[in-house]
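Per numbering that gives the first Met the number 0, the sequence shown starts with residue 0, numbered consecutively. C-beta atoms are modelled at their ideal positions from N, C-alpha and C, and glycine is treated no differently.
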Amino acid sequence: MSLSSERMLDPIGWRLLEELQEDARLSFAELGRRVGLSTPAVAERVRNLEAAGLVRGYRAEVDLAKLGFPILAFVRLSVVGDVLGQIIAVAQELPEVLECHRTTGDDSFIMKVAIASVEHLEHLIDRLTPFGTTSTSIVLSSHVARRNVVPPLPATPPGRR
0 MSLSSERMLD PIGWRLLEEL QEDARLSFAE LGRRVGLSTP AVAERVRNLE
50 AAGLVRGYRA EVDLAKLGFP ILAFVRLSVV GDVLGQIIAV AQELPEVLEC
100 HRTTGDDSFI MKVAIASVEH LEHLIDRLTP FGTTSTSIVL SSHVARRNVV
150 PPLPATPPGR R
């Protein structure tokens, strides 16, 4: 983290981030009430957080099942050869792919996908198998579906626990 980011992330900066992560639709006035700042001070701080790239956007949380995508799965892809760019391009064009991460270990990529049916999943996997071996896990339930980023805990001095 840069020095300017550290200055922005004083205790009030972290409180602003926590509140925005919980409800990005809060007005600057309400944010100010919650963190103890004036509306103009909150507006300036939020603009600074955005300008520094610490706040990258504001999104709606949607119910995938109600939108017709009741199955959430993780597709792992292990590849050999120079196909990374092709895989990224395919992942970007497939609307079912919610997230695509390049990873270390046995898998080259892990993709989080939302799909309408098992048949839909099969078609998606068929698009990926030309690039390597897939392994898929279907989510049965989610116990920590989304977690807000919070300030790091202070380092524990050596010898203390």
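- Task: Check whether the Cβ atoms of V78 and S107 sit closer than 7 Å, and answer yes or no.
- Result: yes
- With a cut-off of 8 Å, do at least 3 Cβ pairs link the region 122-137 to the region 83-96? yes
- Message: By the three-class DSSP mapping on this structure, what secondary structure does R101 have?
- Response: strand
- If you count every other CB in all the chains shown that lies within 10 Å of the CB of V117, and 16 or more means buried, which is it? exposed
- E95, buried or exposed, once every other Cβ within 10 Å from all chains shown has been counted against 16: buried
- Message: Considering only their Cβ atoms, is the gap separating L48 from V54 smaller than 7 Å?
- Response: yes
- For H100, which of G80, R75, I114, L15 has the nearest alpha-carbon? R75
- Distance between S26 and A50 (C-alpha atoms, nearest Å): 19 Å
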